[in-house]
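As you go down the protein sequences, you meet chains H and U in turn. Counting from 1, position 17 in the first sequence corresponds to residue 17 in the working numbering; the numbering is continuous, with no gaps. To get the working numbering, take the position in the second sequence, counting from 1, and add 1000. Just so you know, even glycine gets a beta-carbon here, dropped at the ideal spot from N, CA and C. Here the structure is a predicted model, which means the values were calculated and not measured.
Number of protein chains: 2
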Amino acid sequence: MDTGTASNFLKMHDIKPSHHRIRVFQYLVERRNHPTVDVMFRDLVVEIPTLSKTTLYNTLNLFVEKGIVSLITIDENESRYDADTSLHGHLQCSNCGEVYDIGLRFSSIDFADLDKFQVEESHIYFRGICPRCLNEGDSHK
Amino acid sequence: MDTGTASNFLKMHDIKPSHHRIRVFQYLVERRNHPTVDVMFRDLVVEIPTLSKTTLYNTLNLFVEKGIVSLITIDENESRYDADTSLHGHLQCSNCGEVYDIGLRFSSIDFADLDKFQVEESHIYFRGICPRCLNEGDSHK
DNA sequence: AACAAAAATGTAAGGATTACAAGTTAATTA
DNA sequence: TAATTAACTTGTAATCCTTACATTTTTGTT
Ligand SMILES: [Mn+2]
Ligand SMILES: [Mn+2]
Ligand SMILES: [Zn+2]
Ligand SMILES: [Zn+2]
């Protein structure tokens, strides 16, 4: 995603497009890696040497607040972020820790009693072993 | 759940039934309130004055490890625990913070690509406004 | 260039969880 | 029952993620 497009997207969502904010958003859109703050910081500080972690936290909190990034709490002790806000599931591999997208076939998810609530967000998380780790396990036999 | 039943249940799952462990498990089974560690501690220390928070953490981690309690990471900064390990959803009210059970009507949730993974756990989380908070909001109009 | 508003920075503080060593309890053996 | 051993529990300190806050820098406008 080029800088102009990102800038316009931020403006459309009531976010002033500073240089840092644009780069943080581009990172999430391009990598689609569900990064922790720490991973993001290590990657971004290479090209933005003046970046501070507080700014990264502020920026991500702002994005979540404005609804253009979704917060993933699949990990017990670290937040992760996703620029894809459409409804889809996530699986974290309990072996390597990687977080994968799980597309959902739009059949039917029906929940009892949910109509009594005013639903704002939906999250679907799985834990398990990813294909790569399953194959590695086989090759050791 | 009486002490004998709880004790046998723990033994069946390879957990030595100490007094503290029995009480912690009974608490979760009886209250079904998806408590944080802090809430649990405040409630339990009344009847078990010698209880320490470290023991509570150790006990809960053991229960989760042995599969008799499930860890709920719906909250960004605090873990919650549930003795009901059957597949069901949870909704946290963004107004009062309460966590509700959401019964699952049809177990027909189809996900693409999920068959390539070895799934160990499934979690379904919602965020929204609970009926009680919705009513309170109405009454203020 | 001067100015005002907003964003970014660095450090310190907060809060949940874990590590660890010492103390206590429970189970086993003699 | 007393001694022995293993396991559980405790309290404190450390760790790690996140936020608060005051200061500095950047941005956009006159
Ligand atoms: Mn995703
Ligand atoms: Mn539940
Ligand atoms: Zn893996
Ligand atoms: Zn509520």
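Contact test: residue i Cβ vs ligand 4 heavy atom, cutoff 7 angstroms
{"i": "H:I68", "result": "no"}
{"i": "H:R144", "result": "It is not possible to answer for residue 144 of chain H, since the shown part of chain H is limited to 1 through 141."}
{"i": "H:C130", "result": "no"}
Interface flag, residue i vs chain H, CB-CB below 8 angstroms
{"i": "U:L1114", "result": "yes"}
{"i": "U:P1131", "result": "yes"}
{"i": "U:E1065", "result": "no"}
{"i": "U:T1059", "result": "no"}
{"i": "U:T1073", "result": "yes"}
When the options are compared against residue i, the one with the closest alpha-carbon
{"i": "U:G1089", "options": "U:E1076, U:C1096, U:E1078 and U:S1070", "result": "U:S1070"}
{"i": "U:E1065", "options": "U:S1052, U:D1014 and U:C1133", "result": "U:D1014"}
{"i": "H:R105", "options": "U:N1058, U:A1112, U:Y1057 and U:R1127", "result": "U:A1112"}
{"i": "H:R132", "options": "H:H34, H:L44 and H:V99", "result": "H:V99"}
{"i": "U:G1128", "options": "H:E121, H:G4 and H:R127", "result": "H:E121"}
{"i": "U:S1093", "options": "H:D75, H:L114, H:S18 and H:S79", "result": "The identity of residue 1093 of chain U in the sequence shown is Cys, whereas the question assumes Ser. U:C1093 has its Cα closest to that of H:L114, out of H:D75, H:L114, H:S18 and H:S79."}
{"i": "H:A83", "options": "H:H34, H:L134, H:T5 and H:G97", "result": "H:H34"}
{"i": "H:C96", "options": "H:E76, H:N61 and H:C130", "result": "H:C130"}
{"i": "U:T1036", "options": "U:Y1081, U:I1124, U:E1136 and U:L1044", "result": "U:Y1081"}
{"i": "U:S1018", "options": "U:T1003, U:V1029 and U:R1032", "result": "U:T1003"}
{"i": "U:V1046", "options": "U:H1020, U:F1126, U:S1079 and U:I1074", "result": "U:H1020"}
{"i": "U:G1142", "options": "U:N1058, U:Y1125, U:D1110 and U:F1117", "result": "As displayed, chain U neither begins before 1001 nor continues past 1141, which places residue 1142 of chain U out of reach and without an answer."}
Minimum Cβ-Cβ distance from residue i to chain U less than 8 angstroms
{"i": "H:H140", "result": "With a pLDDT of only 49 at H:H140, under 50, the local geometry of the prediction cannot be trusted, and the value read off the model is given with reservation. Chain U contact via Cβ: absent."}
{"i": "H:V69", "result": "no"}
{"i": "H:H123", "result": "yes"}
{"i": "H:L134", "result": "yes"}
{"i": "H:V45", "result": "no"}
{"i": "H:V119", "result": "yes"}
{"i": "H:S79", "result": "yes"}
{"i": "H:R42", "result": "no"}
Ligand 3 heavy atom lying under 7 angstroms from the CB of residue i
{"i": "H:E98", "result": "yes"}
{"i": "U:C1133", "result": "no"}
{"i": "H:N33", "result": "no"}
{"i": "H:N95", "result": "yes"}
DSSP beta-bridge partners of residue i
{"i": "U:R1127", "result": "H:E121 and U:Q1092"}
{"i": "U:L1060", "result": "Its beta-bridge partners do not exist; DSSP assigns none."}
{"i": "H:L104", "result": "U:F1111"}
{"i": "U:S1052", "result": "Looking at the DSSP assignment, U:S1052 forms no beta bridge with any residue, so it has no partner."}
Residue i beta carbon near ligand 2 (any heavy atom closer than 7 angstroms)
{"i": "H:H123", "result": "no"}
{"i": "U:D1082", "result": "yes"}
{"i": "U:D1101", "result": "yes"}
{"i": "H:H19", "result": "no"}
Any non-hydrogen atom of ligand 5 closer than 7 angstroms to residue i Cβ
{"i": "H:V69", "result": "With respect to small molecules bound, the structure shown includes ligand 1, ligand 2, ligand 3 and ligand 4 and not ligand 5."}
Contact test: residue i Cβ vs ligand 1 heavy atom, cutoff 7 angstroms
{"i": "U:D1113", "result": "no"}
{"i": "H:H88", "result": "yes"}
Open item on the list: For the region 84-112 of chain H, list every residue whose C-beta sits within 7 angstroms of some C-beta in chain U, in sequence order.
Closed with: G89, L91, S94, I102, G103, L104, R105, S107, S108, I109, D110, F111 and A112
Task: Interface residues of the region 5-36 of chain H facing chain U [CB-CB below 7 angstroms] - done: none
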